[in-house]
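Participant: Mind having a look at this structure? Questions to follow.
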Amino acid sequence: MWKEKGLVETLKKKNFEQNLYPVYEHLTDIAVATLCDNDQDNNSYSKACLDRECSKFGLSLLKFTDEELNVSDDAPNVSWERYEYIFVNSKKKLTLVRKCTKPGDMFNYFRELLDKFAGHQFRAQWQNAQLKCLKENLLPNHCIIIHDYSENYGCKEKFEL
1 MWKEKGLVET LKKKNFEQNL YPVYEHLTDI AVATLCDNDQ DNNSYSKACL DRECSKFGLS
61 LLKFTDEELN VSDDAPNVSW ERYEYIFVNS KKKLTLVRKC TKPGDMFNYF RELLDKFAGH
121 QFRAQWQNAQ LKCLKENLLP NHCIIIHDYS ENYGCKEKFE L
């Protein structure tokens, strides 16, 4: 599923059909594989598809091997990391946490993340394009103010004399 050091060679040795179990180089490539065709006029995907409301496309298009989805006791444990919010001194802090689970647990978590990723990525790219357009067409004596509340940071007003 992911292009990792040595993984591509291993898959080739096992003679996996590239059409059945494609190896993606980038996370974006995986997300695009779950979406309907790009609207060439608007250079965007349908909102229904991005919101995972499209019945023709979605995460069901991704094919995983039996080994990747294995959660049985016989499956080897894999070590991986993910970000979680941990309470530190009564405050939530985003922390990288190491997990040791069955491969199926890791890939199920990956699918949960991927469910929201396509819409998130499209919105981020669209917002960046809009900001770039605003900057390129900014009138004299005007400014752009950016408020980023992605991590719920507080904003306090300051007065300068």
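Each residue of the sequence shown is one higher than the one before, starting from 1 at the first, in full-length UniProt numbering. Each residue gets a CB set at the ideal place from its N, CA and C atoms; glycine is no exception.
Quickly, what does DSSP pair Asp39 with across the bridge? List them, please.
Facilitator: Ser44
Participant: Skipping 5 residues on each side, what residues in its chain have a beta carbon closer than 6 Å to that of Ile146?
Facilitator: Excluding positions up to five away in sequence, the list is empty.
Participant: Are the beta-carbon atoms of Thr28 and Phe57 separated by less than 8 Å?
Facilitator: no
Participant: How would you call Ile30, buried or exposed, if buried means at least 16 neighbouring beta carbons within 10 angstroms?
Facilitator: Per the 10 Å Cβ criterion, buried.
Participant: Does the Cβ of Leu50 have 16 or more other Cβ atoms within 10 Å, making it buried, or fewer, making it exposed?
Facilitator: buried
Participant: Taking the alpha-carbon positions, what's the Asn137 to Phe110 distance?
Facilitator: 40 Å
Participant: Looking only at its own chain, which residues have a Cβ that is under 7 Å from the Cβ of Glu84, when we skip the five neighbours before and after it?
Facilitator: Thr95 and Val97
Participant: Using C-beta distances below 6 Å, list every residue in its chain close to Ile86, excluding the 5 sequence neighbours before and after it, in chain order.
Facilitator: Lys93 and Thr95
Participant: Please classify Ser79: does DSSP put it in a helix, a strand, or coil?
Facilitator: strand
Participant: Ordered along the chain, which non-local residues of its own chain (more than five positions away) have a Cβ less than 8 Å from that of Ser46?
Facilitator: Closer than 8 Å at the Cβ level, and outside the excluded window around Ser46, lie Cys36, Asp39 and Cys54.
Participant: Please classify Val88: does DSSP put it in a helix, a strand, or coil?
Facilitator: strand
Participant: Could you give the distance in angstroms between the alpha-carbon of Gln127 and the alpha-carbon of Pro103?
Facilitator: Using only the alpha carbons, I get a separation of about 35 Å.
Participant: What does DSSP give as the partner residues of Arg98 in its beta bridges?
Facilitator: Glu81
Participant: So Arg52 is in the alpha helix (DSSP H); what residue range does that whole segment cover?
Facilitator: First-last for Arg52: undefined, no H or E at that position.
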